[in-house]
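The numbering used here puts the first residue of the sequence shown at 431, with every later residue one more than the last. Backbone N, C-alpha and C define an ideal beta-carbon position, used for all residues, glycine too. Everything numeric in this text was worked out from a predicted model, so none of it was measured.
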Amino acid sequence: MRDPNQYAVFADERSRPFFSLLERVPERPFREIIDLGCGAGVLTRSLAERWPQAHVIGLDNSPQMLAAGAKHAIPGRFDLVEGDILAYDKPTDLIFTNAALQWVDGHETLFPRLAGLIKSGGVLACQMPSSFQQPSHLIMEEVARSGPWAPKLADWRQLQVKELEWYGNLLLEMGFSVDAWQTTYHFLLQGDDPVVEWVKGTSLQPILNRLDEAERAAYLAEYAHRLREVYPSQAHGTVYPFTRIFFVASRVD
Ligand SMILES: C[S@@+](CC[C@H](N)C(=O)[O-])C[C@H]1O[C@@H](n2cnc3c(N)ncnc32)[C@H](O)[C@@H]1O
């Protein structure tokens, strides 16, 4: 289950890569646009604004997220649809996907399939976190494997995102022109244990969903304690470096 309110806590920091990605999408007369893993669709609406002639669909498999975003839809112009990225198979002009494909396994087959859906002159634009070797995520895993909750988390594993070069090479080999880059944001977060609050909205959810209330509280206490050493609270806040990869692949034919 996903919590749109927790995801929205750092709305400003989380929306920035969406716009960095959007800025690099070339100006082409797209007619059909899909935002895969659109969440509440608040940001997807900017796609409908930039390409007013297009039909824009935001697709997500979380009814909670879609319900939170229903008010942003413009029926017939910008629709929010419940569905699974794994099942998406409609050829389209622009596939835009921000901070979502890290949740989908099997990038070896997923990316060639999605790239194969891009119509002539179309674009695949993707951003994913590349944060899984950061202390916040390594410690998340260490705590998961070492506490009394470990048996309940045996089937949990960290999300898998490959190196940027892997995605770039794949798309080049498929004949796309590729604009790829990586950015490490240094967020200055406020409040108590803000890095825990950050990951609670994303990567930590599959762990918390597997635990009961008492285990959840104990896990969070241990995790927060460990993170305080690595991300200390300083005079102006807590600095949280966070790396993301971006690529915009354009079909040249
Ligand atoms: C971190 S949120 C990003 C939301 C939005 N793209 C943004 O930039 O704010 C990831 C979204 O991907 C969705 N998602 C994850 N796996 C999915 C799947 N297999 N099919 C459809 N949506 C999925 C989640 O429900 C969630 O709303």
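Short of 6 Å in beta carbon distance, which residues of its chain neighbour residue i, apart from the five on each side in sequence? Order them along the chain.
| i | result |
| --- | --- |
| T613 | R674 |
| Y597 | F677 |
| R454 | D609 and V678 |
As a quick exercise: from the options, pick the residue whose alpha carbon is nearest that of residue i.
| i | options | result |
| --- | --- | --- |
| I464 | L451, V511 and V486 | V486 |
| Y670 | Y653, V629, L594 and S445 | V629 |
| E457 | Y649, L638 and G552 | G552 |
| D519 | Q664, G546 and Q557 | G546 |
| A484 | W611, E643 and I504 | I504 |
| W533 | P662, E643, A644 and Q635 | Q635 |
| L516 | L619, R646 and A530 | A530 |
Less than 8 Å between the CB atoms is what I'm expecting for residue i and residue j, so what's the real figure, rounded?
| i | j | result |
| --- | --- | --- |
| I548 | L540 | About 14 Å separates the two Cβ atoms, so there is no contact after all. |
| F562 | V608 | Contact flag wrong, Cβ pair sits at about 22 Å. |
| E479 | F617 | About 26 Å; that fails the 8 Å criterion. |
| T527 | L602 | So it is not a contact: roughly 19 Å between Cβ atoms. |
Among residues of its own chain, excluding the 5 on either side of residue i, which ones have a beta-carbon nearer than 8 Å to its beta-carbon?
| i | result |
| --- | --- |
| L657 | P565, S566, I569, D623, V625 and V626 |
| H502 | A470, G471, V472, T474, R475, F508 and L510 |
| G513 | L489, D490 and N491 |
| S550 | R681 and D683 |
| F446 | The sequence given here has Arg at residue 446, not Phe. Y615. |
Which residues in the same chain as residue i place their Cβ atom closer than 7 Å to its Cβ, once the five residues preceding and following it in sequence are excluded?
| i | result |
| --- | --- |
| W481 | F460 and I463 |
| L544 | I525 and L554 |
| L641 | W579, K582 and Y649 |
| K592 | H537 |
On the DSSP bridge list, what partners appear for residue i?
| i | result |
| --- | --- |
| W611 | F676 |
| Y670 | F617 |
| C556 | T527 and F677 |
| T522 | I548 |
| L489 | L466 and V511 |
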